[in-house]
Amino acid sequence: MSTDSEAVTHGVRVRVRSRYLPQRSSPEAGEWFFIYTVRIENEGEHSVQLLSRHWIITDGDGRIEEVRGPGVVGVQPTLQAGQAFEYTSFCPLPTPVGSMHGTFQMVGAGGDFDAQVATFTLSEPLAFN
Numbered sequence: 865m866s867t868d869s870e871a872v873t874h875g876v877r878v879r880v881r882s883r884y885l886p887q888r889s890s891p892e893a894g895e896w897f898f899i900y901t902v903r904i905e906n907e908g909e910h911s912v913q914l915l916s917r918h919w920i921i922t923d924g925d926g927r928i929e930e931v932r933g934p935g936v937v938g939v940q941p942t943l944q945a946g947q948a949f950e951y952t953s954f955c956p957l958p959t960p961v962g963s964m965h966g967t968f969q970m971v972g973a974g975g976d977f978d979a980q981v982a983t984f985t986l987s988e989p990l991a992f993n
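Heads up: the sequence shown at position 14 corresponds to 878 in my numbering, and the numbers run straight through without jumps.
Below, the structure written as structure tokens:
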């Protein structure tokens with residue numbers, strides 16, 4: 865698995881890059897803090913709108929948490945053909961490594977669809993040494 869991911873669904877490209885934040889983490893208290901930046905690009909011919917998100921978060925012990933909600937970072941962006949939207953969010957974990965993947969529920973000229981978010985790793989750099 866990579867700390868970066870990329871997937872294309874119905875002309876919507878979703879790229880993610882994650883990073884460990886040691887200054888926000890407390891390993892002695894069992895908390896590792898990660899941020900991830902998502903870039904959503906509309907490569908299709910018609911506008912699309914992001915309605916909601918569904919994340920599946922797996923920690924290093926195999927525990928799974930699902931997160932669902934409207935929009936991303938408080939907005940439901942509409943992307944015209946050729947436009948992109950980027951945001952950064954965070955994920956605390958009880959282990960130094962884990963992964964995320966999911967979908968963005970979109971609506972476009974052809975109806976509703978789920979834009980895939982390929983699996984990416986959340987990892988403290990020293991976790992694999």
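Just so it is clear, CB atoms sit at the ideal spot from N, CA and C, and this is done for glycine as well.
Same chain, Cβ closer than 7 Å to residue i, neighbours up to 5 away in sequence not counted
| i | result |
| --- | --- |
| His910 | Ala945, Gly972 and Ala973 |
| Gln940 | Gln913, Leu914, Leu915 and Pro934 |
| Gly966 | Arg917, His918, Trp919, Ile920 and Val981 |
| Gly962 | Ile921, Thr922, Asp923, Gly924 and Leu986 |
Where residue i falls, given that 16 or more other Cβ within 10 Å makes a residue buried
| i | result |
| --- | --- |
| Val931 | exposed |
| Gly894 | exposed |
| Ile928 | exposed |
| Asp923 | buried |
Contacting residues, own chain, Cβ-Cβ under 8 Å from residue i (five flanking each side not counted)
| i | result |
| --- | --- |
| Asp868 | Arg879, Val880, Arg881, Ser882 and Phe984 |
| Glu870 | Arg877, Val878, Arg879, Val880 and Ala982 |
Residue i versus residue j: straight-line alpha-carbon distance, rounded
| i | j | result |
| --- | --- | --- |
| Pro934 | Thr942 | 14 Å |
| Glu907 | His874 | 9 Å |
| Tyr884 | Glu892 | 16 Å |
| Gln887 | Glu988 | 12 Å |
| Phe968 | Ala979 | 5 Å |
Beta-bridge partners of residue i, as assigned by DSSP
| i | result |
| --- | --- |
| Ser987 | Val961 |
| Val878 | Ala871 and Ile904 |
Does the region 887–898 come into contact with the region 954–961, if we say contact requires no fewer than three beta-carbon pairs (one atom in each stretch) closer than 8 Å?
yes
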